[in-house]
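What follows is a single structure, written as structure tokens, with notes after it.
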Amino acid sequence: MSAVQDLPPLREALAAHGLMAKKSFGQHFLLDLNITRKIARLAEVGPGDVVIEVGPGPGGLTRALLETGAKVVAVEKDERFRALLEELVEASGGTMRLVLGDALEANEAELAGGGPAHIVSNLPYNVGTPLLIKWLTGPWTPASLTLMFQKEVADRIAAAPGTSAYGRLAVIAQATCEARVVMDVPARAFTPPPKIDSAVVRLLPRADRPAPKRLDALQAVTAAAFGQRRKMLRASLKALGGEPLAVAAGLDPQARAETVDVAGFLRLADAWTTLRQGRG
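In the UniProt record's numbering, the protein residues as written are 1 to 280.
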């Protein structure tokens with residue numbers, strides 16, 4: 001059995017299998033092993049750690065993760081990569097498992113084998129945000145997330161209040177995790193190059209992560225507030241309670257959503273929960 005390091009270079013492997021990136025799947029291949037190795041280092045995974053990777057494609061990041069000694073569960077929707085990834089499974093000596101299917105429907109707790117697992121992925125552009133929301137708000141909490149997004153999305157995840165990028169995604173991400181952009185990746189690093197640059201975001205779940213019901217309330221109030229972000233809270237929150245709701249949360253009813261910090265939105269979620277209980 002050959003080791004991962006003995007496999008042919010990625011470009012040769014892709015050519016041998018006649019594979020190209022598929023636009024409909026939002027695929028852009030990252031073939032530079034220097035970059036994928038840096039992402040693996042930023043993920044801080046090593047021997048014995050379980051890593052779930054979504055959308056491995058030709059396996060560039062997968063190779064770098066396997067080099068760390070981590071156990072990799074690769075979830076790939078595109079059947080075209082089966083043969084190429086199965087070669088990687090064989091070369092891994094039992095440290096890689098391939099799961100063919102849609103990550104949006106996957107049960108991460110089962111993939112992780114019932115224990116903790118890290119998520120490290122160069123996410124397909126067209127499902128990156130829905131997957132992140134699933135991991136942030138679902139019943140299963142990852143040990144860490146090291147994810148590549150389009151730079152614009154990465155900036156929205158880590159944005160501070162009062163900035164144009166600050167919105168619902170920032171509030172949900174930062175209420176559940178410590179989030180920061182740890183690496184910029186230029187478009188030219190990909191094959192084919194996308195039209196915009198990418199960035200890697202590192203998210204570490206908070207010990208005081210909101211309970212599921214509080215998280216549901218947070219999603220409701222952020223959807224309302226940012227759904228009409230140019231309006232004052234008393235108007236954007238009208239359907240949920242309007243000015244009295246904002247006041248109950250200790251917020252200025254004339255403020256706009258983009259100026260309210262994460263703590264303010266959590267108070268708003270709590271106030272809305274109390275208000276609904278009172279009506280019930």
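For glycine and all other residues, C-beta sits at the position ideal for the given N, C-alpha and C.
The structure presented is a predicted model; accordingly, all values stated were derived computationally and were not measured.
Is residue i buried or exposed, if buried means 16 or more other CB atoms sit within 10 Å of its CB?
| i | result |
| --- | --- |
| P56 | buried |
| G59 | buried |
| R230 | exposed |
| L104 | exposed |
| P186 | exposed |
| T222 | buried |
| I196 | exposed |
| G241 | buried |
| A207 | exposed |
| S2 | Bear in mind that the predicted position of S2 carries a pLDDT of just 49, short of 50, making it unreliable; the figure below should be weighed with that in mind. S2 comes out exposed. |
How big is the Cα-Cα spacing for residue i and residue j?
| i | j | result |
| --- | --- | --- |
| N126 | V153 | 11 Å |
| P124 | H28 | 8 Å |
| T259 | V171 | 11 Å |
| E12 | D32 | 13 Å |
| G128 | I35 | 19 Å |
| H17 | L100 | 18 Å |
| L251 | P212 | 23 Å |
| K151 | A165 | 11 Å |
| A159 | A173 | 10 Å |
| L215 | P130 | 16 Å |
| V262 | L268 | 10 Å |
| E90 | F265 | 48 Å |
| K238 | G167 | 19 Å |
| A15 | P9 | 10 Å |
| V244 | P253 | The sequence given here has Pro at residue 244, not Val. Computed Cα separation, rounded: 8 Å. |
| G93 | P192 | 31 Å |
| residue 285 | D6 | Any answer about residue 285 is impossible in this case: the structure gives the chain only from 1 up to 280. |
| G48 | P194 | 34 Å |
| S144 | G278 | 38 Å |
| E178 | D78 | 32 Å |
Assuming residue i and residue j form a contact by the criterion Cβ under 8 Å, report the distance between their Cβ atoms to the nearest whole angstrom.
| i | j | result |
| --- | --- | --- |
| M148 | S198 | 5 Å |
| R156 | L169 | 5 Å |
| V75 | V54 | 5 Å |
| T176 | P139 | Contact flag wrong, Cβ pair sits at about 13 Å. |
| M183 | L42 | 6 Å |
| R80 | T141 | R80 to T141, Cβ: 32 Å. No contact. |
| L19 | L84 | 7 Å |
| F190 | L30 | 6 Å |
Do we get a CB-CB distance below 8 Å when we pair residue i with the residues of chain D?
| i | result |
| --- | --- |
| A248 | In summary, chain D is missing from the structure at hand, where a single protein chain is found. |
When the distance is taken between beta carbons, is residue j closer than 8 Å to residue i?
| i | j | result |
| --- | --- | --- |
| R82 | A64 | no |
| Q228 | A220 | no |
| T137 | R202 | no |
| V4 | L88 | yes |
| W272 | A217 | yes |
| A117 | E110 | no |
| G113 | V200 | no |
| residue 283 | A248 | Any question about residue 283 goes unanswered here, given that the chain covers just 1 to 280. |
| I119 | I52 | yes |
| T95 | V73 | no |
| A40 | T68 | yes |
Which partner residues of residue i appear in the DSSP bridge assignment?
| i | result |
| --- | --- |
| L203 | L145 and A179 |
| E76 | L100 |
| S198 | Q150 and V185 |
| residue 286 | With the chain covering only 1 through 280, there is no way to say anything about residue 286. |
| R256 | M232 |
| H118 | V51 and S144 |
| T191 | F29 |
| K71 | V50 |
Closer than 7 Å: is that where the CB of residue i sits relative to any heavy atom of the ligand SAH?
| i | result |
| --- | --- |
| T68 | For the ligand SAH, the structure offers nothing, since it holds no ligand at all. |
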